[in-house]
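For the record, the sequence lines run as chains A and B. For reference, each letter of the first sequence is one residue, going 102 to 320 in our numbering. For reference, each letter of the second sequence is one residue, going 102 to 320 in our numbering.
2 protein chains.
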Amino acid sequence: MLNELITKDERDAVYKTIFSRRDVRKEFLPDPIQDTVLQRILMAAHHAPSVGFMQPWNFIIVRNIETRKKIKEAFVLAHEKAAQLFDEEKSQKYRKLKLEGITEAPLGICVTCDRERNGPIVIGRTSIPETDIYSSVCAVQNLWIAARAENLGVGWVSIIDNVKLKKILGIPNHVVPVAYLCLGHVSHFQEKPDLERTGWLPRLKMESVVYDEKWPRDT
Amino acid sequence: MLNELITKDERDAVYKTIFSRRDVRKEFLPDPIQDTVLQRILMAAHHAPSVGFMQPWNFIIVRNIETRKKIKEAFVLAHEKAAQLFDEEKSQKYRKLKLEGITEAPLGICVTCDRERNGPIVIGRTSIPETDIYSSVCAVQNLWIAARAENLGVGWVSIIDNVKLKKILGIPNHVVPVAYLCLGHVSHFQEKPDLERTGWLPRLKMESVVYDEKWPRDT
Numbered sequence: 102m103l104n105e106l107i108t109k110d111e112r113d114a115v116y117k118t119i120f121s122r123r124d125v126r127k128e129f130l131p132d133p134i135q136d137t138v139l140q141r142i143l144m145a146a147h148h149a150p151s152v153g154f155m156q157p158w159n160f161i162i163v164r165n166i167e168t169r170k171k172i173k174e175a176f177v178l179a180h181e182k183a184a185q186l187f188d189e190e191k192s193q194k195y196r197k198l199k200l201e202g203i204t205e206a207p208l209g210i211c212v213t214c215d216r217e218r219n220g221p222i223v224i225g226r227t228s229i230p231e232t233d234i235y236s237s238v239c240a241v242q243n244l245w246i247a248a249r250a251e252n253l254g255v256g257w258v259s260i261i262d263n264v265k266l267k268k269i270l271g272i273p274n275h276v277v278p279v280a281y282l283c284l285g286h287v288s289h290f291q292e293k294p295d296l297e298r299t300g301w302l303p304r305l306k307m308e309s310v311v312y313d314e315k316w317p318r319d320t
Numbered sequence: 102m103l104n105e106l107i108t109k110d111e112r113d114a115v116y117k118t119i120f121s122r123r124d125v126r127k128e129f130l131p132d133p134i135q136d137t138v139l140q141r142i143l144m145a146a147h148h149a150p151s152v153g154f155m156q157p158w159n160f161i162i163v164r165n166i167e168t169r170k171k172i173k174e175a176f177v178l179a180h181e182k183a184a185q186l187f188d189e190e191k192s193q194k195y196r197k198l199k200l201e202g203i204t205e206a207p208l209g210i211c212v213t214c215d216r217e218r219n220g221p222i223v224i225g226r227t228s229i230p231e232t233d234i235y236s237s238v239c240a241v242q243n244l245w246i247a248a249r250a251e252n253l254g255v256g257w258v259s260i261i262d263n264v265k266l267k268k269i270l271g272i273p274n275h276v277v278p279v280a281y282l283c284l285g286h287v288s289h290f291q292e293k294p295d296l297e298r299t300g301w302l303p304r305l306k307m308e309s310v311v312y313d314e315k316w317p318r319d320t
């Protein structure tokens with residue numbers, strides 16, 4: 102029954118999963134993913150909220166290593182371009198970071214947003230048209246949490262030229278690739294996010310991100 | 102320990118929470134939310150993934166009823182404008198739907214994205230600048246799942262003019278209001294999403310949203 106209450110133990114399991122979810126790059130193992138497990142994860146993604154129940158997402162499962170090598174090449178180009186944007190010190194640090202596991206993980210999932218699905222007028226999307234994209238992002242986060250609950254790692258590859266990615270995967274014009282995710286078993290989960298652990302940036306204090314009633318005047 | 106494995110029972114609790122999460126409008130109760138519960142939910146949101154560990158989000162907690170009445174007014178205007186976009190039949194159906202609980206729920210949470218945080222060059226955001234917004238959406242989804250795990254309802258008000266919302270909440274120019282959420286106790290959770298239950302749209306079949314290797318040629 103989907104209207105049941107969640108017990109305290111169940112709640113704690115949800116928090117454990119949310120707090121231990123990581124963006125995985127280095128720790129992927131090549132072991133294949135059981136199809137029943139993948140189906141459960143995708144079902145969780147498909148049960149994300151969507152504006153006007155639009156369900157604008159698709160999930161392209163990329164296993165073919167030749168395709169993944171092409172995606173990796175697109176990453177390498179975008180990554181090199183990005184490295185040049187930082188100052189010398191940051192750039193050196195940046196180049197040392199492992200930022201994707203495209204060919205190490207056994208598969209990739211491209212989560213897309215079909216901007217014309219159930220259109221042209223979608224209930225709830227009339228004021229803020231980007232809410233369709235937001236819906237696909239909610240699907241990404243559901244997928245990520247479900248994967249962690251299955252002890253699988255997910256890594257979001259955001260350093261990529263979407264024009265190239267669309268060409269490689271044959272994605273039509275009206276569809277936006279929202280995320281390219283690597284999915285796989287892991288040697289272990291890190292206790293902290295890579296960028297926090299390596300001192301790139303600290304986690305912000307909760308008090309600094311929560312405001313009462315209004316945005317404070319002095320910020 | 103945040104690198105522990107998730108057990109089968111814990112996994113099932115996560116799925117139960119994901120599948121029973123609803124976008125709540127009608128079922129809000131006025132009962133106040135315990136501060137410790139609200140803090141846990143916000144902590145879960147703050148542990149969302151973010152591009153370059155940017156953590157671009159803020160959470161404005163809106164309890165003041167005068168502020169919420171202003172937000173409700175902004176909704177009513179946007180809602181009326183939207184109703185005129187549908188054809189006669191859909192428009193009548195649309196007007197009967199309850200689409201927000203702004204004044205019924207005891208509080209609102211505006212989740213924002215500060216597009217200049219830790220900028221100007223954010224690691225991972227160099228190819229797709231909107232990934233900062235995506236990060237704030239991930240925080241929304243973490244918040245929503247955590248709230249369901251606490252047996253609290255969340256309703257996303259997407260029918261609103263963001264220019265008005267920014268003015269009401271004093272949000273500066275470089276910050277985007279990504280979501281205005283109502284949060285509260287509920288009389289009950291619905292078994293199915295409102296728009297599915299009322300026949301607005303069916304849930305898509307899983308097979309129709311999952312593709313192998315590439316976007317199929319004939320779509």
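Each residue gets a CB set at the ideal place from its N, CA and C atoms; glycine is no exception.
DSSP three-state assignment for residue i, whether helix, strand or coil
{"i": "D233/B", "result": "helix"}
{"i": "V255/A", "result": "strand"}
{"i": "F355/B", "result": "Past the edges of chain B, shown from 102 to 320, lies residue 355/B, and the structure says nothing about it."}
{"i": "I210/A", "result": "strand"}
{"i": "L106/B", "result": "coil"}
{"i": "V264/B", "result": "helix"}
{"i": "V311/A", "result": "strand"}
{"i": "D319/A", "result": "coil"}
{"i": "L282/A", "result": "strand"}
{"i": "D295/A", "result": "helix"}
{"i": "V277/A", "result": "strand"}
{"i": "D113/B", "result": "helix"}
{"i": "D136/A", "result": "helix"}
C-beta contact flag for residue i and residue j at 8 angstroms
{"i": "A179/A", "j": "V115/B", "result": "no"}
{"i": "G225/B", "j": "S259/A", "result": "yes"}
{"i": "G209/A", "j": "R126/A", "result": "no"}
{"i": "E231/B", "j": "H275/B", "result": "no"}
{"i": "L282/B", "j": "V264/B", "result": "no"}
{"i": "F176/B", "j": "G285/B", "result": "no"}
{"i": "S121/B", "j": "N104/A", "result": "yes"}
{"i": "Y235/A", "j": "V311/B", "result": "no"}
{"i": "P157/A", "j": "C214/A", "result": "yes"}
{"i": "R123/B", "j": "P303/B", "result": "no"}
{"i": "I119/B", "j": "A247/A", "result": "yes"}
{"i": "G153/B", "j": "L186/A", "result": "no"}
{"i": "I172/A", "j": "I269/A", "result": "yes"}
{"i": "A317/B", "j": "P207/B", "result": "Before going on, a small fix: residue 317/B reads as Pro here, not Ala. Not in contact: P317/B and P207/B (Cβ atoms no closer than 8 angstroms)."}
{"i": "V241/B", "j": "V279/B", "result": "yes"}
{"i": "S228/B", "j": "D262/A", "result": "yes"}
Nearest to residue i (by Cα), restricted to the options the options
{"i": "E314/A", "options": "I222/B, L302/B, K267/B", "result": "K267/B"}
{"i": "S309/A", "options": "L143/B, T108/B, K293/B", "result": "L143/B"}
{"i": "F117/B", "options": "P317/A, N243/A, F290/A", "result": "Here residue 117/B is Lys; the residue named in the question, Phe, does not match the sequence. Checked all of P317/A, N243/A, F290/A; the closest Cα to K117/B is N243/A."}
{"i": "M307/A", "options": "A280/B, A149/B, L296/B, D132/B", "result": "A149/B"}
{"i": "S151/B", "options": "L270/A, R318/A, P131/A, L305/A", "result": "L305/A"}
{"i": "D113/A", "options": "D136/B, R141/B, P131/B, I134/B", "result": "R141/B"}
{"i": "R169/B", "options": "T204/B, S228/B, A183/B", "result": "T204/B"}
{"i": "V277/B", "options": "D233/B, E181/B, M102/B", "result": "D233/B"}
{"i": "E164/A", "options": "L200/A, A184/A, L139/A", "result": "Residue 164/A is actually Arg in this sequence, not Glu. Checked all of L200/A, A184/A, L139/A; the closest Cα to R164/A is L139/A."}
{"i": "Q291/A", "options": "N252/A, D319/A, H147/A, A184/A", "result": "N252/A"}
{"i": "R298/B", "options": "H147/B, K109/B, L198/B", "result": "L198/B"}
{"i": "P131/B", "options": "I166/B, T227/B, S228/B, D110/B", "result": "I166/B"}
{"i": "P273/B", "options": "D319/A, W301/A, H289/A", "result": "D319/A"}
{"i": "W301/A", "options": "A145/A, R196/A, K109/A", "result": "R196/A"}
{"i": "W245/B", "options": "D136/B, A145/B, Q135/B, M102/B", "result": "A145/B"}
{"i": "K182/B", "options": "H147/A, E181/A, A183/A, I222/A", "result": "I222/A"}
{"i": "G220/A", "options": "M155/A, W257/A, E174/A", "result": "M155/A"}
{"i": "W257/B", "options": "Q135/B, L200/B, D110/B", "result": "L200/B"}
Note to self: For the stretch 233-254 of chain A, list every residue whose C-beta sits within 8 angstroms of some C-beta in chain B, in sequence order.
What the structure shows: Taking 8 angstroms as the Cβ-Cβ cut-off against chain B, the residues of the stretch 233-254 of chain A that qualify are I234, Y235, V238, C239, V241, Q242, N243, W245, I246, A247, R249, A250, E251, N252.
Margin query: If the cut-off is 8 angstroms on Cβ atoms, which residues from the stretch 145-166 of chain A count as contacting chain B, listed in chain order?
Written below: A145, H147, H148, A149, P150, V152, G153, F154, M155, Q156, W158, N159, F160, I161, I162, V163, R164, N165
Item checked: Completely contained alpha helix (DSSP H) runs for the stretch 140-201 of chain A, where each covers 4 or more residues -> 166-184, 189-197
Margin query: Beta carbons nearer than 8 angstroms to chain B: which residues of the stretch 217-229 of chain A have them?
Written below: Hits within the stretch, in order: N219, I222, I224, G225, R226, T227, S228, I229.
Note to self: Please list, in chain order, the residues of the stretch 122-145 of chain B that have any C-beta partner in chain A closer than 8 angstroms.
What the structure shows: R122, D124, Q140, R141, L143, M144, A145
Next item on the list: Name, going along the chain, the residues of the stretch 292-308 of chain A whose beta-carbon falls closer than 8 angstroms to a beta-carbon of chain B.
Entry: E292, K293, P294, L296, E297, W301, L302, R304, L305, M307
Check: Using a beta-carbon distance cut-off of less than 8 angstroms, what residues from the stretch 258-280 of chain A approach chain B?
Finding: S259, I260, I261, D262, N263, L270, G271, I272, P273, V276, V279, A280
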